[in-house]
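Just so you know, the protein sequences line up as chains A and B, in that order. So that you can map any letter, position 99 of the first sequence is 99 in the numbering used here, and since no number is skipped, the others follow by simple counting. So that you can map any letter, position 90 of the second sequence is 391 in the numbering used here, and since no number is skipped, the others follow by simple counting.
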Amino acid sequence: MKERTATGAAKGDGAEHEHQEGLDDGVSVVPPQAAAPASPGTGTGPDDEPAAPLAPRARLLPALGAVYRAQLSRARVARIPLLFVATFQSVGIMIMMRGVVDGGTEARFVVSGASVLVVAFVALNLLAQYFGQLRAGGGLDHYATLPVPPAAVVLGAAAAYASFTVPGAVATALAGGVLFRLPMAHLWVLAAVIPLSGAALSGLGAALGLLAPRQEIATLCGQLGMSAALLLGVLPPGGMPTVIDYARDLLPSTYGVEALTRSFAARPDWLMVGADLGVCAAVGVLSLTAATWAYRRAAAR
Amino acid sequence: MRDLVKTYPAARGRRGADRGPAVRASDGISLDVRRGEIFGLLGPNGAGKSTLVRQLTGLLRPDSGTIRVLGHDLVRHPERAARLLGYLGQESTALDEMTVALAVETTGRLRGLDAAGARSARDAVLTELGLTGIAARPLKKLSGGQRRLACFATVLIGERPLLVLDEPTTGMDPVARRAVWAAVDRRRAERGATVVLVTHNVLEAESVLDRVAVIDRGRVIACDTPGGLKERVADEVRLELVWRDRPPLDVAEVAALRPAAQVSGRRWTLRLPADEARAAVSAVTTGPAFAALDDFTFATPSLEDVYLSLGGRGQGLVKA
Chain A
1 MKERTATGAA KGDGAEHEHQ EGLDDGVSVV PPQAAAPASP GTGTGPDDEP
51 AAPLAPRARL LPALGAVYRA QLSRARVARI PLLFVATFQS VGIMIMMRGV
101 VDGGTEARFV VSGASVLVVA FVALNLLAQY FGQLRAGGGL DHYATLPVPP
151 AAVVLGAAAA YASFTVPGAV ATALAGGVLF RLPMAHLWVL AAVIPLSGAA
201 LSGLGAALGL LAPRQEIATL CGQLGMSAAL LLGVLPPGGM PTVIDYARDL
251 LPSTYGVEAL TRSFAARPDW LMVGADLGVC AAVGVLSLTA ATWAYRRAAA
301 R
Chain B
302 MRDLVKTYPA ARGRRGADRG PAVRASDGIS LDVRRGEIFG LLGPNGAGKS
352 TLVRQLTGLL RPDSGTIRVL GHDLVRHPER AARLLGYLGQ ESTALDEMTV
402 ALAVETTGRL RGLDAAGARS ARDAVLTELG LTGIAARPLK KLSGGQRRLA
452 CFATVLIGER PLLVLDEPTT GMDPVARRAV WAAVDRRRAE RGATVVLVTH
502 NVLEAESVLD RVAVIDRGRV IACDTPGGLK ERVADEVRLE LVWRDRPPLD
552 VAEVAALRPA AQVSGRRWTL RLPADEARAA VSAVTTGPAF AALDDFTFAT
602 PSLEDVYLSL GGRGQGLVKA
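This is the structure we're talking about:
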């Protein structure tokens with residue numbers, strides 16, 4: 001490789017193809033303004049220029065809607081097989097547990113855990129992978145160069161992924177109800193459980209994907225999060241070591257599982273269901289806020 | 302009045318700021334681009350062109366220096382960049398799984414268009430670029446050039462006064478290229494749009510740019526019109542000789558050319574003053590040298606020659 005640089009600026013460091021330098025003391029290395037514009041007529045200072053009008057920003061809700069729609073269509077193209085996998089996995093786990101558990105509270109936990117697992121699979125695992133991939137591949141640049149509120153990108157993607165869990169989670173809950181002969185009169189609680197645990201888990205997934213320094217780590221975090229949701233959600237809580245109980249309390253999906261479990265009772269304790277869903281909602285707000293912050297951080301490198 | 306669009310004194314390198322030796326991807330670059338100009342950044346891969354435009358688009362914050370675009374200070378307000386310019390990056394990951402139509406429409410919505418406005422702008426842009434036929438296909442099912450053109454369509458929607466295009470025509474066939482340059486010209490003629498274009502394609506730079514800055518290792522080594530740059534080496538011509546088998550070094554004239562030649566296989570490239578080149582041509586087109594000669598071309602200097610004569614590293618520029 002030839003070592004010839006205009007204005008001999010490389011002297012003093014001897015670096016071959018990159019200018020190495022001591023940090024922050026670069027004054028001596030900075031070349032004379034290399035080849036300032038040779039063209040005439042640039043006499044006016046840049047500061048006297050009247051500022052051009054700025055195009056409007058995209059407002060939060062329309063932008064969110066646009067991102068949601070786009071993400072949903074993406075998922076339709078690329079994620080349908082994975083949805084089947086998520087549902088089959090949950091149904092398979094229930095069938096497996098059928099041999100161990102025969103009704104009662106434990107069966108309720110198994111069915112709710114398996115239903116919420118579908119949400120965890122898609123919202124946490126797949127979304128963490130998606131954002132990890134987007135960040136690694138430079139895809140965030142596309143959004144970062146559009147005048148769109150960060151929250152719209154994060155919430156739109158999270159909402160799309162959460163929506164995508166609906167068929168699988170409902171199918172799993174129905175299959176489980178039949179399999180374990182649970183009363184399903186209050187299954188409508190799913191209508192609150194899916195969006196709220198979806199918010200909590202997708203926020204977590206998005207934050208993990210955006211914060212992970214490498215794409216592989218984002219994938220790993222998503223997988224681990226899903227495994228935790230599987231183990232801590234599906235296995236009935238009684239008789240677990242204290243550490244596991246604490247871990248269970250820390251996992252946002254637990255509260256979705258508990259709310260759904262309670263709804264399988266003949267006469268659910270609505271106050272507790274409400275409290276569990278409240279925790280889900282609070283965690284959802286927190287994790288989506290964290291994800292929005294993580295997006296800002298990842299977009300403006 | 303001449304509008305200065307932007308200036309970057311001393312935007313310094315970013316990468317590896319505290320890990321290992323710092324790399325100066327932008328090493329004290331200053332440039333002024335006028336409104337309505339198609340301004341090119343030419344240089345080989347790794348010269349720092351993309352780093353430069355990423356600073357211009359607010360994606361990277363320069364360590365020092367200022368960037369003014371259309372009267373706005375983008376170092377202080379990087380978020381304004383998105384409201385002033387459309388950026389075509391090198392990646393399409395964000396759009397890959399959408400259909401062309403949805404990718405364009407969504408981008409329009411995210412540039413602040415309302416639903417109806419985005420739809421009609423989408424149709425207009427797709428028609429303009431000849432993408433209507435593949436509008437319903439997902440980007441990742443398209444060929445590289447078609448995908449690039451679809452990404453270019455997302456830059457056009459929601460008209461911006463400044464377009465920043467990082468190697469827009471990579472992989473495109475001539476028809477797609479013409480569509481790109483026609484769209485760029487139309488925006489310049491009708492709206493006075495300014496275009497900053499990154500390229501490592503010499504022929505494209507010569508044919509479409511008003512002015513070009515030649516970038517090498519994070520510095521501007523020259524900045525002028527393509528014609529003005531070529532004038533700097535106007536007294537030289539490029540002579541390329543291709544030998545059938547091996548060069549006839551026993552011919553004295555050929556042996557004399559050997560030290561000045563850049564050899565690549567059977568091809569010799571020589572940059573010579575015009576009279577010497579004429580003498581060389583007459584020497585190799587007679588006698589035993591001509592018998593060994595497969596082909597030769599004799600050309601006026603291109604921007605590549607300018608780049609080399611200015612001390613560029615010489616690798617990585619494309620002539621296609």
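The beta-carbon is built from N, C-alpha and C at its ideal position, and this holds for glycine as well. All values reported here derive from a predicted model rather than from experimental measurement.
- Contact note: R57(A) reaches chain B through R384, G413, using a C-beta cutoff of 7 Å and chain order.
- DSSP places P439(B) in the strand class (E or B) of the three-state scheme.
- Within chain A, the residues G138, D141, H142, T145 have their CB atoms less than 8 Å from the CB of G390(B), given in chain order.
- Assignment of beta-bridge partners to H373(B) by DSSP yields V370(B).
- Non-local C-beta neighbours of M272(A) in its own chain, meaning closer than 7 Å and more than five positions away in sequence, comprise R262, ordered along the chain.
- Scanning its chain for C-beta atoms nearer than 6 Å, with the 5 sequence neighbours on each side dropped, one finds around S90(A) the residues A114, L117, V118, T172, in chain order.
- The C-alpha of T407(B) lies about 44 Å from the C-alpha of P183(A).
- Cβ-Cβ distances below 8 Å link R98(A) to L179, F180 in the same chain, with the five nearest sequence neighbours on each side left out; the list follows chain order.
- Unbroken beta strand (DSSP E) runs of no fewer than 3 residues, entirely contained in the segment 563-605 of chain B, are found at 563-565, 568-574, 594-600, following chain order.
- Counting along the chain, D517(B) sits inside the beta strand (DSSP E) bounded by residues 512-517.
- Around the C-beta of Q447(B), 16 or more other C-beta atoms lie within 10 Å, and the residue is accordingly described as buried.
- Of the residues D328(B), G329(B), R355(B), D333(B), the one whose Cα lies closest to the Cα of V499(B) is R355(B).
- Using beta-carbon distances, T587(B) does not count as an interface residue toward chain A, since no partner is under 7 Å.
- In this structure, the CA atom of K442(B) is about 17 Å from the CA atom of A454(B).
- Here DSSP, grouped into helix, strand and coil, assigns E258(A) to helix.
- Scanning its chain for C-beta atoms nearer than 7 Å, with the 5 sequence neighbours on each side dropped, one finds around A247(A) the residues L232, in chain order.
- The C-beta of G493(B) comes no closer than 7 Å to any C-beta of chain A.
- Those residues of the segment 395-421 of chain B placed with their C-beta closer than 9 Å to a C-beta in chain A are A395, L396, D397, E398, M399, T400, L403, A404, E406, T407, T408, G409, R410, L411, R412, G413, L414, D415, A416, A419, ordered along the chain.
- When rounded, the separation of the alpha-carbon atoms in D595(B) and Q563(B) is 17 Å.
- Counted as a single uninterrupted DSSP element, the beta strand (DSSP E) harbouring W544(B) occupies residues 537-544.
- Restricting attention to beta strand (DSSP E) runs no shorter than 3 residues, the segment 442-506 of chain B encloses them at 463-467, 495-500, ordered along the chain.
- For V521(B), the secondary structure class from DSSP, reduced to helix, strand or coil, is strand.
- Where I339(B) is concerned, the enclosing beta strand (DSSP E) starts and stops at 339-343.
- If the five residues before and after L286(A) are omitted, its C-beta is found closer than 6 Å to no C-beta atom of its own chain.
- By alpha-carbon distance to F597(B), the top candidate from S610(B), R572(B), R568(B) is R568(B).
- Only residues of its own chain outside the window of five on either side were considered, and among them L196 have a CB closer than 6 Å to the CB of A281(A), listed in chain order.
- Think of a sphere of 8 Å around the beta carbon of P62(A): the chain B residues whose beta carbon falls inside it are R410, D415, A416, in chain order.
- Among the bridge pairs identified by DSSP, T400(B) is matched with P439(B).
- The three-state reading of DSSP puts G409(B) in helix, counting H, G and I together.
- Nearest CB-CB separation between L571(B) and chain A: not below the 7 Å threshold.
- Here Y388(B) is bridged, per DSSP, to V465(B).
- Using a Cβ distance threshold of 7 Å, T394(B) and G137(A) count as a contacting pair.
- Using beta-carbon distances, L360(B) counts as an interface residue toward chain A, with a partner under 7 Å.
- Taking 7 Å as the cut-off, the Cβ atoms of T471(B) and R438(B) do not count as close.
- For A247(A), the three-state secondary structure derived from DSSP is helix.
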